[in-house]
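Student:
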Amino acid sequence: MATTLRTILFILLFAFITQIQFNLDADKTATRQMKNALEIAVHDAALATSPSDMANGRIVFDQTLATNNLKASLQDNLEATSDAGFVYTPNNDSLYKNELYLVHLEFIDDNVTTTYPYVYTNPYYEIIERVDGPSVIAVISTESPRWFNGNKTYIRQAAVYEYKK
Numbered sequence: 003m004a005t006t007l008r009t010i011l012f013i014l015l016f017a018f019i020t021q022i023q024f025n026l027d028a029d030k031t032a033t034r035q036m037k038n039a040l041e042i043a044v045h046d047a048a049l050a051t052s053p054s055d056m057a058n059g060r061i062v063f064d065q066t067l068a069t070n071n072l073k074a075s076l077q078d079n080l081e082a083t084s085d086a087g088f089v090y091t092p093n094n095d096s097l098y099k100n101e102l103y104l105v106h107l108e109f110i111d112d113n114v115t116t117t118y119p120y121v122y123t124n125p126y127y128e129i130i131e132r133v134d135g136p137s138v139i140a141v142i143s144t145e146s147p148r149w150f151n152g153n154k155t156y157i158r159q160a161a162v163y164e165y166k167k
């Protein structure tokens with residue numbers, strides 16, 4: 003009887019540890035994929051510069067085109083769709099199960115009077131970043147996918163792409 007109880011206890015403990023491990027692995031994978039997708043998206047957004055300003059030695063973002071580039075890149079890399087705004091609904095084959103939100107998007111370019119290097123701070127998202135030139139800053143957030151029920155975990159990632167001056 004004692005052996006049976008120990009075996010049952012061992013199996014329950016193993017199942018509990020496996021559940022925790024699967025959820026932690028989902029958190030790590032989702033965080034890594036979200037960070038990579040956002041890094042690519044801010045790079046794509048930073049490519050949308052004004053050619054006339056560039057000819058004059060200034061880097062000024064075409065914010066409409068940059069935003070469209072960023073949104074298209076996020077849709078492709080996160081396997082999600084966005085009908086309007088900054089809310090992305092995951093496709094059926096996506097790792098994510100809940101909506102993803104682009105919660106912050108900011109452009110710092112030569113239209114903003116600043117000298118570089120510049121320390122960018124955003125206390126709400128706890129971002130402190132030294133930028134050496136015009137930059138695109140974005141923050142995305144979602145609820146982490148879960149394989150097993152457990153406490154909800156929210157993932158938030160920020161990315162900065164900058165031109166060095």
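Every position in the sequence shown, counted from 1, becomes a number in this note's numbering once 2 is added.
Think of the CB as a built atom: it goes at the ideal place given N, C-alpha and C, for glycine as much as any other residue.
Note that the structure is predicted; figures quoted are calculated from it, not measured.
1) I'd like the span of the alpha helix (DSSP H) that includes Thr69, first residue to last.
2) Quick one: what's got a C-beta closer than 6 Å to Tyr163's C-beta in the same chain, skipping five residues either side?
3) For the region 130-146 against the region 62-76, are there 3 or more C-beta pairs whose distance is under 8 Å?
4) Between Tyr103, Thr83, Leu104, which lies nearest to Asp95 when the distance is taken from Cα to Cα?
5) DSSP three-state label for Glu41, please.
6) Can you tell me which of Thr6, Pro147, His106 puts its alpha carbon nearest to the alpha carbon of Leu40?
7) Specify the secondary structure class of Pro119 as computed by DSSP and reduced to three states.
8) Can the beta-carbon of Pro147 be found less than 9 Å from the beta-carbon of Asn100?
9) Quick one: what's got a C-beta closer than 6 Å to Ala68's C-beta in the same chain, skipping five residues either side?
10) Rank Asn71, Leu76, Asn113 by C-alpha distance to the C-alpha of Asn58 and give the top, closest one.
11) Work out the CA separation of Ala74 and Thr91 for me, nearest whole Å.
12) According to DSSP, which residues form a beta bridge with Ala32?
Tutor: Once the coordinates are examined:
1) Residues 65-80.
2) Excluding positions up to five away in sequence, the list reads Val44, His45, Ala48, Val138.
3) Cβ pair count under 8 Å is three or more, so yes.
4) Selected option, being the one with the closest Cα: Thr83.
5) If DSSP states are grouped into helix, strand and coil, Glu41 belongs with the helices.
6) When only C-alpha atoms are compared, the closest one is His106.
7) Coil at Pro119, not helix or strand.
8) Going by C-beta atoms, Pro147 is nearer than 9 Å to Asn100.
9) Closer than 6 Å at Cβ, skipping near neighbours: Ala47, Ala50.
10) The residue among Asn71, Leu76, Asn113 with its C-alpha nearest the C-alpha of Asn58 is Asn113.
11) Rounded to whole angstroms, the separation of the alpha carbons of Ala74 and Thr91 is 13 Å.
12) Answer is none; Ala32 lacks a bridge partner.
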